[in-house]
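*Asks:* For what it's worth, this note's numbering labels the leading residue of the sequence shown as 7, then goes sequentially. Glycine is no exception: its CB is placed at the ideal position from the N, C-alpha and C atoms.
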Amino acid sequence: MEYGHAEPPIELLVAWVQLLKSDIMYAVNALNNRLNVIKHTVSEADSRNLGPDTKQALSRIKSESDRAAKITAGLLHRVHVLAPDTAPPILFEYDGSKLPPGHILLVESDDANRTVISEVFRRLGQEVTAVSNGYEAFSAMGRFEPDCIVCGVRMQYLDGRTLFEQVEQEKPHLASRFVFVTGDYTNPATIEFLENTGQPYVGKPYEMETLLGAVLAILKNRTGVGSKATA
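#1: Let's see if you can read the secondary structure: which residues bound the beta strand (DSSP E) around Y207?
#2: Using three-state DSSP, classify L64 as helix, strand or coil.
#3: Considering only DSSP beta bridges, list what T188 is partnered with.
#4: So, helix, strand or coil for G57, using DSSP?
#5: Just checking: is the beta-carbon of N202 within a distance shorter than 8 Å of some beta-carbon in chain B?
#6: Would you identify the three-state DSSP class for T229, choosing helix, strand or coil?
#7: I need the boundaries of the alpha helix (DSSP H) containing A118, first residue and last residue.
#8: Just reading off the alpha helix (DSSP H) that E198 is part of, what are its end residues?
#9: Helix, strand or coil: how does DSSP classify E133 here?
#10: Please state whether DSSP places L180 in a helix, a strand or coil.
#11: What residue range does the alpha helix (DSSP H) around G140 cover?
#12: Helix or strand or just coil, what does DSSP make of T159?
Written as C-alpha cells, this is what we have:
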C-alpha cells in the first residue's frame with residue numbers, strides 16, 4: 007500500500023516544535039540549575055587550608071560553571087522566544103482529506119517513542135491510549151475498540167505479529183485498523199509478515215508525515231469489516 011508524498015502540514019510541524027520546545031526547556035533549565043549549584047558550592051568552599059593547585063582548580067571550575075550557566079540561560083531565552091507557545095487549532099488536511107477524530111491505541115515498547123508519538127497525536131486532536139506490549143494492547147481492546155492501532159513489531163511478552171494474529175482470530179473487525187512501525191524492515195521474515203497482513207507499515211526512525219498518512223488511511227476506512235485494509 008502506497009501513500010502519496012506531501013509536505014507535512016503546518017499544524018503538525020507546530021505541534022512537533024512545541025513538543026520539542028517543552029522537552030528542551032525542561033532539560034536546559036535542569037542543567038542551568040545544576041551549574042548554578044556547582045558555582046555556588048565552589049564559591050562557598052573554605053579555601054584557607056587548600057594548596058595553590060587546588061585553589062586554582064576551584065577557580066577554573068567556578069569560571070567554567072559561570073560561563074556554562076550563562077550559555078544555558080541564553081539558550082533558554084532563544085527557545086522561549088523563537089518557538090511557538092501553543093499549537094493552533096487543528097484544521098489540517100493531509101493529501102486533501104481532513105483527519106477524522108479517533109481513538110488511537112499506540113503499542114510501542116520504547117518509552118521515549120511512546121511519549122513523543124502519544125503527545126503529537128493528542129495535540130492533533132486524537133484520543134490516545136498508549137501501552138508497551140501486545141499483552142497490554144489486547145487487554146485494552148477488551149475495554150474499548152480503537153479506531154487505529156499503531157503497533158510495533160518486536161516487543162517483549164507479546165510481539166506485534168502475535169498480537170495481530172490473535173486479533174485476527176478473536177476480533178477480526180479490528181485487524182484492518184493496524185499500522186505497523188518497525189526498525190526491522192531489512193529482515194525478510196518481518197517484511198513477509200508485514201506484506202501478508204495487507205496493512206500499512208512505517209520504518210523507524212519515524213517520519214511523522216508518513217506515519218500520519220498511514221493513520222489517516224486507517225481512520226478513513228475504519229468502518230470497513232475484514233482483516234485487510236483497503237487502499
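*Replies:* Quick look at the numbers:
#1: Here residue 207 refers to the residue found at position 201 when the sequence shown is read from its first residue. Note, Y207: beta strand (DSSP E), 207–209.
#2: Your numbering for residue 64 matches position 58 in the sequence shown. Residue state, collapsed to three classes: helix.
#3: Taking the sequence shown and counting its residues from 1, the one referred to as residue 188 is at position 182. G209.
#4: Along the sequence shown, read from residue 1 onward, the residue named residue 57 stands at position 51. Note: G57 maps to coil in three-state DSSP.
#5: In the displayed structure, chain B is absent; only one protein chain is listed.
#6: By 1-based counting over the sequence shown, the position of residue 229 is 223. In this predicted model, T229 has a pLDDT of only 46, less than 50, meaning its place in the structure is not dependable; the value taken from the coordinates is given anyway. Looking at T229 - three-state DSSP - the assignment turns out to be coil, as it is neither helix nor strand.
#7: Position 112 of the sequence shown, counted from the first residue, corresponds to residue 118. Start and end: 117–129.
#8: Taking the sequence shown and counting its residues from 1, one reaches residue 198 at position 192. Unbroken alpha helix (DSSP H) run through E198: 194–203.
#9: The count along the sequence shown starts at 1 and reaches residue 133 at position 127. Residue state, collapsed to three classes: strand.
#10: In the sequence shown, residue 180 corresponds to position 174, counting from 1. It is helical.
#11: Position 134 of the sequence shown holds residue 140. That run of the alpha helix (DSSP H) goes 140–147.
#12: Start at 1 with the first residue of the sequence shown, and residue 159 comes out as number 153. The sequence shown places Val at residue 159, rather than the Thr named in the question. Note: V159 maps to coil in three-state DSSP.
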